[in-house]
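Those letters in the sequence shown? Residues -20 to -1, 1 to 743, per mature numbering (1 follows the signal peptide of the UniProt record, and there is no 0), in order.
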Amino acid sequence: MKTHILNALFLVLSITSLHAQILNFSGNIKDDLSKDPLVGAIIINQTTSTYTVSDKSGNYSLTANALDIIEIKMLGYTTFSCVANDLKSMITLKQDDYVLNQVVVSASRAAQKREEAPMAITSIGTTMLEEAKPQSLEQVINKVPGVLMADLGSEQHMMAIRQPLSTKSLFLYLEDGLPIRPTGIFNHNALNEMNMTMAQNIEVIRGPASALYGSEAIGGAVNVITRKPSVVPMAKVQLRGDSYGYRRIDANVESSTDNGKLGVSVGGYSAKRENGYLDHSDFNKSIISAIVSYKLTESLKFSSKTTYMKYYSDMGSSLDSTSFYDKDFTSLHNFTKREIELWRSTLTIDKTWNKNSETTAKVFYRKNKMGQIPSYRIKNDWTNPNSAKGEVNESSFQSYGTVVQHNQKIPSINTTIRIGASIDYSPTTFWANYIDVDRDERGKYIGYSTTDSVLTDYQTNLLNTGLYAQVEVNPIDRLFITAGIRSDHFKYDYSNNLEETAFSGAPNSINYFNAITPRLGATYTMQNNLGFYANYSVGFMPPQVSELYRGVKVPSLEPSYYTNYEAGTWYSLPKGLGYVETAYYYMRGENEIISVVQDDGSYLNENAGSTRHEGVEAALHLKPISQVFVRIGGTYASHTFDQFDTGKEDFSGNTMANAPNWIANMELTFKPEFLKGFRTSVEFQKVSAYYMDNQNTKKYEGYHLLNLRFGYQFKGFDTWVNVMNLTDELYASRVSKSAWGENYSLGSPRTFQFGVGYTLSQK
């Protein structure tokens, strides 16, 4: 009996001693996936209500009793909690795509809290990218409410963000805040020039962002943010494929020196498809990026990124209505193609003058060459059923430029001022030759011969200079006001190598376009986590080089302007259950450039009188229990011509073509506690009916898709199976109607995607 009493007394004294013992704790906090240090993580002693913050290297130190409860929190990450005595020297936090308070960079070209940005912006985090295992970017970008990225196969695509599905230059594609193409040389497929292996996250801005990024950021901007070199050695390889001849290998290696000064990362992928579900749709792509970062001092850092890509794709024909509904996926073409070779290099210098002052300068070089025998340029010769006309063309550009931004905080008045300047000089060339095309008795285009008939041959030296400023004021607690303005100046120096009688016979000329694009917005978050924002912004877009000079005698297009009004709200649910956000926008376009079908079936670009774009977007992210995640997002929108009379037809009041009213995307994810590392999700996508043409004569009924995903992670291994279009619905990712009939871009049938990967990382 005495022994039991003595043991109990000893236990009580031990616990009392632990509570009374003040200890010093220190450690390092890293991202669970990248192993990058987390700067600004808050380490809270819940017992004493004291806290500290991790430094630039992710390090922290604090004093606590051994049994005090310690919590570590950071925006965009799940909370870590334990007793102080169990704290390890290194703690990793997992990214959480289901919290509202993400840190975003695209709203101001610098890191800031999501609730400080008065715009609709969504971050697709590392976790979502890692778990979705996308073969092409639309498989994750379509999870953003109000966004429809149409898959055209071979990583080619069309986009709809607050606009109809379009190949027009209404969307800006960025890599680490830099446009991947110069203004005036837009390509609707440009996201296929991205290195998905090296993407850390993707931020999508909805609505005009011209006040910060300049031209083409009209419907929105997509910013692919590259991962930084890991602070510990890491190597990763993934093998994947699908049931329709797709094969791909991803690999990257990265590390940093022990003192953290030098970091290196190299990664990319090689993908190919053979004998796909659609005839004449083979492609292959190889892309690699190398990143080097060097910290000269704590206040001066350098980083460079270089990307090289080679791409080849067959260019099959779209399907007519009979072939589509009969499931006859035979292509009319067997020689049309697209080839791309590119090189992008960027040097970034970050200088911190003091805790309130920093400057970032980016110097960039781009080289891009694309050659085509485009299927969409082949036209039948109606006087001879055995022949047709087409073209072979090549476009290329080189770019030299820089963007410099200075951020200055003024703590005394809770204000941040950002000022910047950019210059982009891009010499471009374009040529196209006629080809004679042979047809067989079935109407297939079976071969071609070159001719000496030149359609187009010109050079255009493009110069874009811009100045911008943005002021962010926090006059009272939880209220943020943002005002910005940008001044852009464009010079198109055009030289035509052909006579005035040629197909493209515009005379040598210099065209100037200028614009002032303002932005004003505010956000306010109440103490109950209910927030509001509103903004006014203007977008600007000069004509594209191809719109201005190809197939014309005298350039006649004017710039397009877009005025946007927007209001939104968000609410973070109690106890970390999730959040809900909504946005309403009204955007009016003036002089919008529209393709108008001609009598011969060709298209001519014209300035529309005015267009109206209006919609409501909503998203709900819900985490009812730790094992279940629910994401629901969508939009209801209308896109109409206010005034547009081509002289032959009056479209005023009509709905614009390829503009579905409803777009929705929903997903349920389950990660059971009884099987650690396992994940499964079911995703539903809905696109409602839309008109095929601006005349509003016929509608496509739209489609809905069901996707199912399974994955399992064990230590360094990761394996997955995705079933895309589970119900095998016959659908078209885009349908259009012309004088010659209907054109269906076939969507993927039921496809089984599978893969396995291994990550070797120093803990």
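Virtual Cβ for every residue (Gly too), placed ideally from N, Cα, C.
query: Range covered by the alpha helix (DSSP H) that runs through residue 121; result: 118 to 121
query: Residue 690 versus residue 102: straight-line alpha-carbon distance, rounded; result: 25 Å
query: Through-space distance from residue 196 to residue 678, alpha-carbon basis; result: 30 Å
query: Cβ neighbours of residue 341 in the same chain (closer than 6 Å, five flanking residues each side left out); result: 329, 384
query: Residue closest to residue 200, alpha-carbon to alpha-carbon, out of 211, 139, 238, 253; result: 139
query: Bounding residues of the beta strand (DSSP E) (the contiguous stretch that carries residue 649); result: 642 to 650
query: Whether residue 190 touches residue 518 by CB criterion (9 Å); result: yes
query: Three-way DSSP call (helix, strand, coil) for residue 393 in this model; result: helix
query: Between the CA atoms of residue 573 and residue 8 - distance to the nearest angstrom; result: 54 Å
query: 4-residue-minimum alpha helix (DSSP H) runs that sit fully inside the stretch 188 to 240, ordered along the chain; result: 190 to 193
query: Whether residue 529 touches residue 409 by CB criterion (9 Å); result: no
query: Neighbour-count burial assignment, residue 492, 16 or more Cβ in a 10 Å radius; result: exposed
query: Three-way DSSP call (helix, strand, coil) for residue 732 in this model; result: strand
query: Backbone secondary structure at residue -3 - three-state DSSP; result: Any reading at residue -3 must be qualified, since the residue scores a pLDDT of 47, below 50, and its modelled position is unreliable; no value is offered.
query: The stretch 647 to 654 / the stretch 616 to 633 touching (three or more Cβ pairs under 8 Å); result: no
query: Secondary structure of residue 769, DSSP reduced to three states; result: One cannot answer for residue 769 here, as it falls past the ends of the chain, which runs -20 to 743.
query: At least three beta-carbon pairs within less than 8 Å, the stretch 421 to 439 to the stretch 386 to 394; result: no
query: Proximity below 9 Å, CB of residue 643 to CB of residue 661; result: no
query: Rounded C-alpha distance that separates residue 28 from residue 391; result: 29 Å
query: Spatial distance of residue 134 from residue 193 (CA atoms); result: 28 Å
query: Three-way DSSP call (helix, strand, coil) for residue 525 in this model; result: helix
query: Alpha-carbon to alpha-carbon, residue 632 and residue 483; result: 31 Å
query: Length of the line joining the Cα atoms of residue 213 and residue 732; result: 33 Å
query: Under 9 Å between C-beta atoms of residue 762 and residue 372; result: This structure cannot speak to residue 762, because the chain is shown only from -20 to 743.
query: Own chain partners of residue 327 with C-beta closer than 6 Å, once the 5 adjacent residues on each side are dropped; result: 284, 343
query: Beta-carbon proximity check, residue 205 vs residue 87, cutoff 9 Å; result: no
query: Host beta strand (DSSP E) of residue 598 (start-end); result: 590 to 605
query: Where the alpha helix (DSSP H) through residue 445 begins and ends; result: Looking at the DSSP string, residue 445 is not in any alpha helix (DSSP H); the run it does join, the beta strand (DSSP E), is 425 to 453.
query: Contact belief for residue 51 with residue 26 at Cβ below 8 Å, rounded distance in angstroms; result: 6 Å
query: Reference residue 607, options 634, 591, 635, 656, closest by Cα; result: 656
query: Straight-line gap, residue 502 to residue 465 (C-alpha atoms, nearest Å); result: 15 Å
query: Beta strand (DSSP E) runs wholly inside the stretch 99 to 151, at least 3 long, in chain order; result: 100 to 104, 127 to 133, 136 to 141
query: Where residue 554 sits in the DSSP three-state scheme; result: helix
query: Spatial neighbours of residue 592 in its chain, beta-carbon cut-off 7 Å, leaving aside the 5 residues before and after; result: 568, 620, 622
query: Unbroken alpha helix (DSSP H) run spanning residue 621, endpoints; result: Looking at the DSSP string, residue 621 is not in any alpha helix (DSSP H); the run it does join, the beta strand (DSSP E), is 608 to 623.
query: First through last residue of the alpha helix (DSSP H) which encompasses residue 302; result: 301 to 305
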